[in-house]
Structures are given as C-alpha cells and as structure tokens.
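For reference, the structure discussed in these notes is given below.
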Amino acid sequence: MKYYYDTEFLEDGKTIDLISIGIVAEDGREYYAISKEADWERIDRHEWLMKNVVPQLPEPRDRPDLWKTRAEIAEEVKEFLLFDKKPKLWHWYGAYDHVVLCQLWGSMIDLPAGIPMFSADLRSMMTTGQAMKLPPQPEGLHDALEDARHLKVRYDWFYGQSKAPEVGKFFRVVNVPAFNGMTGVITRKWQTSGEWLCDMVPSDKPFGPCDEPSMFKDWVFSTDQIEII
Ligand SMILES: [Mg+2]
9 MKYYYDTEFL EDGKTIDLIS IGIVAEDGRE YYAISKEADW ERIDRHEWLM
59 KNVVPQLPEP RDRPDLWKTR AEIAEEVKEF LLFDKKPKLW HWYGAYDHVV
109 LCQLWGSMID LPAGIPMFSA DLRSMMTTGQ AMKLPPQPEG LHDALEDARH
159 LKVRYDWFYG QSKAPEVGKF FRVVNVPAFN GMTGVITRKW QTSGEWLCDM
209 VPSDKPFGPC DEPSMFKDWV FSTDQIEII
C-alpha cells in the first residue's frame, strides 16, 4: 500500500528536528502528530518557521491529543505504516523528510523491519522535460497533513495523466477473464476517481476514429484491463 507523507522540521545544516508529521494511506486512513519534544525555543527564533509552519499547528490546549512525545509518534507511525506489511513511501522534495521519518526510531540501523529504507519522490518522477501544470494546493501549505493529502492528489493526477488511453488505439483485453484476448479500438475516454476508463469498439484490426462511439457504450474497461498492441 502506498503512503503519502510530509513533515515539518527545524534544520540548521547539521541536524533535522521533527515538528510535525502527516501521513495519508492509499486506503484513506490518515495520521497526524506534532512533537512535544521539538526545540520550541529555537523554533520561536526561526523567522521562516514562525511565519509558515507554526501558524498551521493546532494549539496544545485545543488538540492535546495531537501533541505527542517522539516515542509515542514512533510507535504510532510504525503501527500505521505496517498495517498492510508492505508499505511504499512517497514524498515530495522529500530527502529531508525521509531522514526525519527514519530518525524517529534512531539511527539508520534502528529502522523497524518492514519500514522501507527509501521513499520515492514524486517530484523526481516529473523530470521528463515535459511541462506539467500540477493541481494547485488550495489551502494548508506547510501543514504536514494538508501537504500529505495534496501529495496524494498530485500522485493520482500525475499517474492518471501518464496512463491516459488514446482514442483510436488498438488494444487487447487483459485481466477480465470473460473477455481476455478480445481486441478493439478505443472510441472514448474519461477519468473517474483518478482511474481512466474507455469505451471500445470490438475489432480484429486497427482502424481510424469511430463516428458513433455511443453505440458501444456498454463496452467499458479501465486502463488496467487492456494493453495497447
Ligand atoms: Mg510540508
């Protein structure tokens, strides 16, 4: 299962100290916590954090349930990530985030079994040279949970785009036992909940765009169920 996460932290070129962490699981579960043990005196003197991060944090008196020790956060994050035994971590410009996350458990060799030793960076996947206009984040920038939520939005958008079927393409049905091996041509495509669907015209050979795709509207497959040939 994929986990999208973000952290806010205090760093000075030598150390990285967790302030808050937000994680969104692929199945919709969410986790958010703030470290009671961050160095709040130094944070108070850090202009950028005071302007961008601290205003996003709920007050301890309003949400005492979210303010936790590092040990509590470490235990809860471990439980959250190992829910399905095969977590895959995603972040955004996240080299520092990965270190902050792993240091919850100590040094590199202390990482609990099952927690991946790397996180995939969605930003680094977008280096194809192709200009991409990402969905903007409507609110909550530098709120770790809001940032993690938006990372999932961007992930779904990015992989949704790259999997978009092309009208007119000839394909074979796979992963649908009753139809496997049938071939056809895509006549229409649309996206729902991040998944691309397409109408098809059954055909044993490629042909140009179809004039009446609506005649075949009952033939709908997701892009995971076809392969372009
Ligand atoms: Mg952030």
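Add 8 to a position in the sequence shown, counting from 1, and you land on the number used in the numbering used here.
Ideal Cβ placement from N, Cα and C applies to all residues, glycine included.
Contact test: residue i Cβ vs ligand 1 heavy atom, cutoff 8 Å
{"i": "Asp-155", "result": "yes"}
{"i": "Glu-16", "result": "yes"}
{"i": "His-54", "result": "no"}
{"i": "Ala-41", "result": "no"}
{"i": "Leu-142", "result": "no"}
{"i": "His-106", "result": "no"}
{"i": "Asp-25", "result": "no"}
{"i": "Leu-149", "result": "yes"}
{"i": "Ala-46", "result": "no"}
Neighbourhood of residue i by C-beta, 6 Å cutoff - its chain only, sequence neighbours within 5 removed
{"i": "Val-161", "result": "Pro-143"}
{"i": "Pro-68", "result": "Trp-75"}
{"i": "Leu-5", "result": "Within the shown structure, residues of the chain are numbered from 9 to 237, placing residue 5 beyond reach of any answer."}
{"i": "Lys-86", "result": "Pro-120"}
{"i": "Val-32", "result": "Tyr-12, Glu-38, Ala-156, Arg-157 and Lys-160"}
DSSP three-state assignment for residue i, whether helix, strand or coil
{"i": "Glu-147", "result": "coil"}
{"i": "Thr-23", "result": "coil"}
{"i": "Glu-16", "result": "strand"}
{"i": "Trp-56", "result": "helix"}
Beta-carbon contacts of residue i that lie in its chain and below 8 Å, excluding the five residues immediately before and after
{"i": "His-106", "result": "Leu-97, His-99, Phe-126 and Ser-127"}
{"i": "Leu-119", "result": "Cys-110, Trp-113 and Met-125"}
{"i": "Asp-47", "result": "Leu-18 and Asp-25"}
{"i": "Gly-137", "result": "Residue confidence is low: Gly-137 scores 46 on pLDDT, short of 50, so the model does not pin down where it sits. Its coordinate-derived value is still stated next. Around Gly-137: no qualifying Cβ."}
Cut-off 7 Å between Cβ atoms - residues of its own chain near residue i, not counting five sequence neighbours on either side
{"i": "Gln-233", "result": "Val-181, Val-182, Asn-183 and Val-184"}
{"i": "Asp-20", "result": "none"}
Whole-angstrom C-beta distance between residue j and residue i, which should lie under 8 Å
{"i": "Ala-121", "j": "Ile-81", "result": "Between Ile-81 and Ala-121 the Cβ distance is about 19 Å, and since that is not below 8 Å, they are no contact."}
{"i": "Phe-88", "j": "Tyr-12", "result": "The Cβ separation is near 12 Å, so there is no contact."}
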